[in-house]
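Undergrad: As they're listed, the protein sequences go chains C, L, Z, E, U and G. FYI, the working numbering numbers position 138 of the first sequence as 138, with every residue one higher than the one before it. For the working numbering, count along the second sequence from 1 and bump the result up by 1000. For the working numbering, count along the third sequence from 1 and bump the result up by 2000. For the working numbering, count along the fourth sequence from 1 and bump the result up by 3000. For the working numbering, count along the fifth sequence from 1 and bump the result up by 4000. For the working numbering, count along the sixth sequence from 1 and bump the result up by 5000. Even for Gly, the Cβ is constructed at its ideal location relative to N, Cα and C.
Number of protein chains: 6
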Amino acid sequence: MSKGVLQYDVGEQVELFLLIKSATKGIASNGKPFLTLILQDKSGDIEAKLWDASNDDEKNYVAQNIVKVMGDIQNYRGRSQLKIRQIRPSSQVDQVKLADFIETAPVSREEMTSKLTQYIFEMKNPNIQRITRHLIKKYQNEFLEYPAATKNHHEFVSGLAFHVISMLDLAKSIASLYPSLDKDLLYAGVILHDLGKVVELSGPISTVYTIEGNLLGHITIMVNEIGKAADELNIAGEEVMILQHLVLSHHGKAEWGSPKPPLIKEAEILHYIDNIDAKMNMLDRALERVKPGEFSERIFALDNRSFYKPVFHK
Amino acid sequence: MSKGVLQYDVGEQVELFLLIKSATKGIASNGKPFLTLILQDKSGDIEAKLWDASNDDEKNYVAQNIVKVMGDIQNYRGRSQLKIRQIRPSSQVDQVKLADFIETAPVSREEMTSKLTQYIFEMKNPNIQRITRHLIKKYQNEFLEYPAATKNHHEFVSGLAFHVISMLDLAKSIASLYPSLDKDLLYAGVILHDLGKVVELSGPISTVYTIEGNLLGHITIMVNEIGKAADELNIAGEEVMILQHLVLSHHGKAEWGSPKPPLIKEAEILHYIDNIDAKMNMLDRALERVKPGEFSERIFALDNRSFYKPVFHK
Amino acid sequence: MSKGVLQYDVGEQVELFLLIKSATKGIASNGKPFLTLILQDKSGDIEAKLWDASNDDEKNYVAQNIVKVMGDIQNYRGRSQLKIRQIRPSSQVDQVKLADFIETAPVSREEMTSKLTQYIFEMKNPNIQRITRHLIKKYQNEFLEYPAATKNHHEFVSGLAFHVISMLDLAKSIASLYPSLDKDLLYAGVILHDLGKVVELSGPISTVYTIEGNLLGHITIMVNEIGKAADELNIAGEEVMILQHLVLSHHGKAEWGSPKPPLIKEAEILHYIDNIDAKMNMLDRALERVKPGEFSERIFALDNRSFYKPVFHK
Amino acid sequence: MSKGVLQYDVGEQVELFLLIKSATKGIASNGKPFLTLILQDKSGDIEAKLWDASNDDEKNYVAQNIVKVMGDIQNYRGRSQLKIRQIRPSSQVDQVKLADFIETAPVSREEMTSKLTQYIFEMKNPNIQRITRHLIKKYQNEFLEYPAATKNHHEFVSGLAFHVISMLDLAKSIASLYPSLDKDLLYAGVILHDLGKVVELSGPISTVYTIEGNLLGHITIMVNEIGKAADELNIAGEEVMILQHLVLSHHGKAEWGSPKPPLIKEAEILHYIDNIDAKMNMLDRALERVKPGEFSERIFALDNRSFYKPVFHK
Amino acid sequence: MSKGVLQYDVGEQVELFLLIKSATKGIASNGKPFLTLILQDKSGDIEAKLWDASNDDEKNYVAQNIVKVMGDIQNYRGRSQLKIRQIRPSSQVDQVKLADFIETAPVSREEMTSKLTQYIFEMKNPNIQRITRHLIKKYQNEFLEYPAATKNHHEFVSGLAFHVISMLDLAKSIASLYPSLDKDLLYAGVILHDLGKVVELSGPISTVYTIEGNLLGHITIMVNEIGKAADELNIAGEEVMILQHLVLSHHGKAEWGSPKPPLIKEAEILHYIDNIDAKMNMLDRALERVKPGEFSERIFALDNRSFYKPVFHK
Amino acid sequence: MSKGVLQYDVGEQVELFLLIKSATKGIASNGKPFLTLILQDKSGDIEAKLWDASNDDEKNYVAQNIVKVMGDIQNYRGRSQLKIRQIRPSSQVDQVKLADFIETAPVSREEMTSKLTQYIFEMKNPNIQRITRHLIKKYQNEFLEYPAATKNHHEFVSGLAFHVISMLDLAKSIASLYPSLDKDLLYAGVILHDLGKVVELSGPISTVYTIEGNLLGHITIMVNEIGKAADELNIAGEEVMILQHLVLSHHGKAEWGSPKPPLIKEAEILHYIDNIDAKMNMLDRALERVKPGEFSERIFALDNRSFYKPVFHK
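Set out below in structure tokens:
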């Protein structure tokens, strides 16, 4: 695989196709317009300034377009910046496509779908199984495409499904060590816990919160959906309320967004499984970019801590 | 009206019919069984001990039964206690009935129903009006009978409806002073905000939390109900989500049980209206029992504060 | 009314008289001096840079002067900025005056004075009435001119009086719904609660904290003043202490600046009246600038929340 | 000095004159009245039960009376209790007096007065000196008699003056190590900081909070007094406000009762001097009763910590 | 296995050998001495009162002795109590021994030792392996006998080793799902994290905190021990500091007793493994005693929550 | 002494030798490299920009070099900045040396060493004395050179020793007022409390945290060192644990980095002595730069407060 834009060091020259993540017009101190471009490929994103931007530039360089850029990696206030020497829109002959520039889960959709199907298949309680299957079916496409969050962890295409698949494997191995745990509840809890994100968030790329996401949130959205699913499937057992409770309580505490704390054993463990998988994802991605004997960048969602990679970790 | 059990002073002798609120068996240090009875009438409740309880006593003196008691009001560790001299079960000839012993709202159901109807009638937005009317109709009986809480404020029969009616009047007068407020949203928010309590709580007397109340809570329950009502009524506008948000956010903060804080002007004001009415209810009931120049008992739900009644408040 | 500076969109050209709120000298990266001007009219204020400022410019363009400006509204880091093309000091022939550029309460002083007089007149307790009248008389001019705060809410000329007048109306309507409330205490509490701001703050425009404001604060200042007023008026009843308590406790909690929490029923309600009126003022001003279906700017004093205006609010 | 009631071990028999601190009537499980007496001498206080109390007993054994008691020290739920065998009121021939039973400061009033006079005499700033002298003179008797608190620290007769005297010595030695400190401010701050307690508390024995103490608190009371003193003495300099600030801020933080934190260097140090002296008093009194190698009782005002006395502290 | 004392219902009569966990003398209201005995077997402990205790009783019935008791299970203030009808000390002929009455880990020491040996054997980094082996060897006996805590979780004989063994299995399965984790660090962290408890606590039964436990705590104790072990083994690599950091940070946050939060990936995960295993232990033990459709007792170390067992959990 | 760079006002021209504290390369908006230099002398440090930096400039102007600069003091966004007109590296003939540019303690090393020796000499407990002497000897050079912190207080060469010496004097005078305090423990606690900083920090200038400092912290480091010292000196008494506790607890609370709060009287007082000396240092340095009647800059480590210097403080 060719080198991504974030893998160049300060001082190096780059010549790359990059996707415009966002473009904002500004006015320089000399009174002329310029564009602040956020450019990305799978390695991440970098800021670039296009000075003395013409009207054509403003039209050509907008979010979701792909450009060919030649320039230098520079250090600006401690962060990398790309100084543009030449830039042009990509054309058909360049044979580049959106998917080449966007980070996605390291597992294929087919594989994720098949794993998910298997876990649902293993459920023994028919009420739990039917509700879970119904909701996954209803939101299948979005589930396989959406990120798990706008930032912090699994914030990439298919991040939600990837997060769920990893959590399912973790749930399985914990349940085998603590056999009193109800696997059906754990699996259903894992699958449904963040499914409301497909309504809370705007989509797989340039992801923002929807109005419903802001006013109700993914937890409330999915608790409602479980209720409706049960109605449609004519299911009346206590399982409905328990599934709603699993989703409702999975943030663990009121101040973290769960109006009820976990009051079922599996709800308590679901909260931990969610945490471990999210944190491993953040830690691995942060430490990947760090050499042994160094500290990582501060990770906001981990209380702004900076993690150390021991020198004996080659 | 005759004097209630709480209106007697320490040292006075009483002879009253009282309702048994709860009865618990214990074993005295001499090894003999005794009953701890909580006895109540409309003035409140008091503890009493029935020493050397026989098997018959255990059967006769159970919750919800009415008894005739003769005894003395005593002080035990700073709280009043009723020392029983004589006790007997009431019989038909006594012509006493449950309703005589239970505190209820000071306004009749008819009056409350008519006020409520009027407020719903005044709504101009048909979506808001139809959802509100649908849900009030669905839970009309419970709404008119349930307390607003198990303790703290409006913890009496019909307390929920009484709380809502008072809040509606307050909402109306605030909306007339701040005309930018949407009265429809305010009225609907007031009517629906605590309606989930008819599922969260067990009933109008000896009220406890239901399992659904513990695991989901009245906020989540009613948010779900609004969604279902909209489905049944085939209503799809943004009003549905806004009504859900009003209920969802009415506790004001995550740590007080609202997973989203108020993000609509009327939601913010609803929170204040709820607070003012609940606090006025608690304050009036606490200060009623206090003489000018004295402090009230500590009020748990008001940060355990003890309030002062000025000497010039005759 | 003509269009204010904040009502222009980015890209539009303006030609306006504006008041200089503040002027700060800086040195550009080319070594030449420039001025950062904050320019305002009744619609609000905007930043402007005057590059290559001469000595004359420094003398002409100082706070409280009025200037004629021609320029463009631009976007700089997400905030509007005014790019100055031409600027000149205003002169007598321009016939512009300070008052044209400063936001003031939407009610005239006469009207506010007359309302205030009426509320004081309605008081029945002579001690409460005399102390209130004495203090309002002592600080009448400042009371009618000062803002209620340096920022957040009612931060405009006569904001303090306007806040008090609105609160009095709210107090009246709440007291009529909850007749156990002592109107005299409520009215006096409303009138005196923030009166210490006339000492805490520097004046009606370019408002900052005084040294006494910083070291003692408006609450302590007014509690002292009530004590002195009682001495001068030879009033000795418990009303003095109660009025001091109302002022002392009106922030509600120690961490919000009240060394004692409300311990009188009217003090508790005063705190809510203050909150509702301040929040309605902030909410109305923030939502005024927002279209249906959009979120407002974040409001710092409302926990940094961004409020939504429903699409059905035309 | 003879052995005090707290110096007896469980199992020992006592025959002592003791002061009744409080007497409360109760009804035993056999229906007969009894008295709970809190009896004290200089060593501390102990609970005693007087079973089968007659009407005469109720009249004889009331707070502030002195009794002769014979009985046994017993352990009841981990605390010492005095089992009364014989009790009788004291009479003139017993030649006992109140002062013999009440803990007081270990320094005489004369000595404290003379120290105080000396510190005031050393002040160089006449405004600070005159205000301090005026207020000490106004409250001289109470200052020399009151405790510094109802519990926690210096909760004995003359505790307030003793606390102030110790703090003055500490202030002097700190000021000599950090010569930038203004001794006048430190001394005046120490002398005035808790002087409001003579209004906040009810008196030297059986001390409770007054209504004014509850509604305003000693800080607000003394800040007002400083203002009035300045008026009476016709002093107008900044010293008045600074002295008010010293008293206002001496609790250090809003949540500890100071609406303004220390904003003057001497205010910051005053807060520390107050803390050190109060804590040394609590620690010495708690550790006095502990043997080397043991932990003290939990000390509520020190975050409920239990302190260890090292074995090498003989 | 025969029925344990906690498996009897209120009202049932018992005749059992029980171990005296503690014995405290008191004086009854009739002036006669009595003993409060805490009696236990493997099912848990129960309070019993022995009235009118003779001198012989005081000598016979002391902690660690075994008694034969006949009596009734009663309810006293909501908790079970054993009313003693007959009691006698056990003698040789009874053939009962301490170990029969004390809860121990459900896995044998041999099995635990062998598992531990295997995990240490699997370590690849010699420095980590040698330090871990050295410390386990040094404290082997205590490690296999001590509880993991005085209460809350794993508070039984060999609880510490059992907790560590379970955590090792969990660590292994998590590490196999997240291969970037360093197994050596995880295993060593698990083995050493609570090893300081063998100094912090007094022993396997009637466990209390030692003075060193109170003043330094198990975290500090073990961090010191790792330093000393490295010195003795002449190991100087960064592994020493990393192991100290793993132990130091395993409580996760300063306010939970870790002066440094986890700053190594494995330290973060260690904290979660510790939590999951401790919580599963508490949850399983609490829910064991609960029927489907009921709530457990409140669990103090789980934020005082009461957990629900769904009705479909047979 | 000649005027330091911070003593010049905005607008003044300077010609000074200055030490480069740090140098960072950037790229200007015209694409050319520039250097951001932080330049310092004993009066403090100031930022300067060197535009159009050549390769030679990059090599000449690096941290720890001394330069001769001619330029102007300007105001940039409210902070002073030095506009460079001319700059050159210093050479031997300039006869300037590092020590001339670095702030150091106002007391000589000899004087500090002699004071320290005297205090250790005064200790009576041989165990405490030997451990203290051993550790001071081990780290003598670093102890005399290191700052007490990277910022906030005593952040200058020899700041650690100066802080300790001042605290010793304060400890002595407090102990003489409260004779129950153990002077040996107080002195040893003062001397050892921050000694771990010689490992936690990188050195006397350009001070940053070491990896060990980040992962273990100075408290843990010194607690370990005390243990090792005791081993080496063959000391086994309780004094070892008590000294470790003094260091461990000196931050006062878990959330401030002490896993155990002070549980020894001298530990509690040590915490206060540390606080007073650190705060006096910060306050004196902040108020030095302020005129009477003005407020200081905000002091981050004092809760971001801005302190007032009274007008009567000439």
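Am I right that I1226(L) and V1247(L) are in contact with their C-beta atoms under 8 Å? What's the rounded C-beta distance?
TA: 7 Å
Undergrad: With DSSP as the reference, label Y4308(U) as helix, strand or coil.
TA: Here DSSP, grouped into helix, strand and coil, assigns Y4308(U) to strand.
Undergrad: Taking only three categories from DSSP, how would you classify T3150(E)?
TA: coil
Undergrad: Please confirm whether S5080(G) and I5046(G) have their CB atoms less than 8 Å apart.
TA: yes
Undergrad: Applying the criterion that 16 or more other CB atoms from any shown protein chain within 10 Å of the CB defines a buried residue, is G2011(Z) buried or exposed?
TA: Exposed is the call here.
Undergrad: Taking the DSSP output, what are the residues bridged to L5177(G)?
TA: In the DSSP output, where bridge partners are listed per residue, L5177(G) has none listed.
Undergrad: Using a Cβ-Cβ cutoff of 8 Å, what residues of the stretch 2182 to 2215 of chain Z are near chain G? List them in chain order.
TA: Those would be I2211, N2214 and L2215, in chain order.
Undergrad: Chain G beta carbons: is any one of them nearer than 8 Å to that of I4020(U)?
TA: no
Undergrad: Have a look at I3242(E) and I5276(G) and give me their C-alpha separation to the nearest angstrom.
TA: 21 Å
Undergrad: Going straight from the alpha carbon of Y4308(U) to that of F1143(L), what length do you get?
TA: Each residue's CA atom was taken as its position, placing Y4308(U) and F1143(L) some 28 Å apart.
Undergrad: Threshold first: 4 residues or longer. Then list the alpha helix (DSSP H) segments lying entirely within the stretch 3050 to 3099 of chain E, N to C.
TA: 3055 to 3060
Undergrad: In this structure, what does DSSP give as the bridge partners for L4016(U)?
TA: According to DSSP, L4016(U) shares a beta bridge with V4069(U).
Undergrad: Under a three-way DSSP split, which group does Y2139(Z) fall into?
TA: coil
Undergrad: Which residues, taken in chain order from the stretch 293 to 310 of chain C, show a beta carbon closer than 7 Å to some beta carbon of chain G?
TA: Y308
Undergrad: So I3102(E) is in the beta strand (DSSP E); what residue range does that whole segment cover?
TA: Boundaries for I3102(E): no beta strand (DSSP E) harbours it, and the DSSP string shows neither H nor E there.
Undergrad: Quick one, are the C-beta atoms of T4207(U) and T4150(U) less than 8 Å apart?
TA: yes
Undergrad: State the start and end residues of the unbroken alpha helix (DSSP H) segment that holds S4114(U).
TA: R4109 to E4122
Undergrad: Just reading off the alpha helix (DSSP H) that E5239(G) is part of, what are its end residues?
TA: E5238 to L5248
Undergrad: Under 8 Å between C-beta atoms, does G4257(U) make it to chain E?
TA: It does not: the Cβ of G4257(U) has no partner Cβ on chain E nearer than 8 Å.
Undergrad: Identify which residue in L2037(Z), E2122(Z) and E2058(Z) has its Cα closest to the Cα of E2084(Z).
TA: This sequence places Ile at residue 2084(Z); Glu is not what is there. The option with the nearest alpha carbon to I2084(Z) is L2037(Z).
Undergrad: If you draw a straight line from the alpha carbon of M3280(E) to that of I2131(Z), how long is it in whole angstroms?
TA: 45 Å
Undergrad: Quick one: give me the first and last residue of the alpha helix (DSSP H) that E5294(G) is part of.
TA: Element bounds for E5294(G): n/a, residue is neither H nor E.
Undergrad: Between F4156(U) and chain C, is there a C-beta pair that is closer than 8 Å?
TA: no
Undergrad: Considering just the uninterrupted stretch of the alpha helix (DSSP H) at D3184(E), what are its terminal residues?
TA: Note, D3184(E): alpha helix (DSSP H), K3183 to H3193.
Undergrad: If you scan the stretch 2199 to 2281 of chain Z from start to end, which runs of the alpha helix (DSSP H) of 4 or more residues do you find wholly inside it?
TA: 2211 to 2215, 2217 to 2233 and 2238 to 2248
Undergrad: Verify the CB distance criterion: does P2089(Z) have a CB-CB separation below 8 Å to chain L?
TA: no
Undergrad: Nearest to L3050(E) by CA position, among I3020(E), Q3092(E), I3299(E) and L3215(E), is which residue?
TA: Checked all of I3020(E), Q3092(E), I3299(E) and L3215(E); the closest Cα to L3050(E) is I3020(E).
Undergrad: Within a Cβ cutoff of 7 Å, which residues of the same chain sit near P89(C), ignoring the five residues on either side of it in sequence?
TA: N60, N65 and V67
Undergrad: Could you list the residues in the stretch 5044 to 5077 of chain G with a C-beta less than 9 Å from some C-beta on chain Z, going in chain order?
TA: Residues of the stretch 5044 to 5077 of chain G with a C-beta less than 9 Å from any C-beta of chain Z: K5049, W5051, D5072, Q5074, N5075, Y5076 and R5077, listed in chain order.
Undergrad: Counting only beta-carbon separations shorter than 8 Å, does Q3129(E) have a partner in chain Z?
TA: No, Q3129(E) lies away from the interface with chain Z (no Cβ there is under 8 Å from its Cβ).
Undergrad: With a cut-off of 8 Å on the beta carbons, I'd call M222(C) and G196(C) a contact; round off their distance for me.
TA: 4 Å
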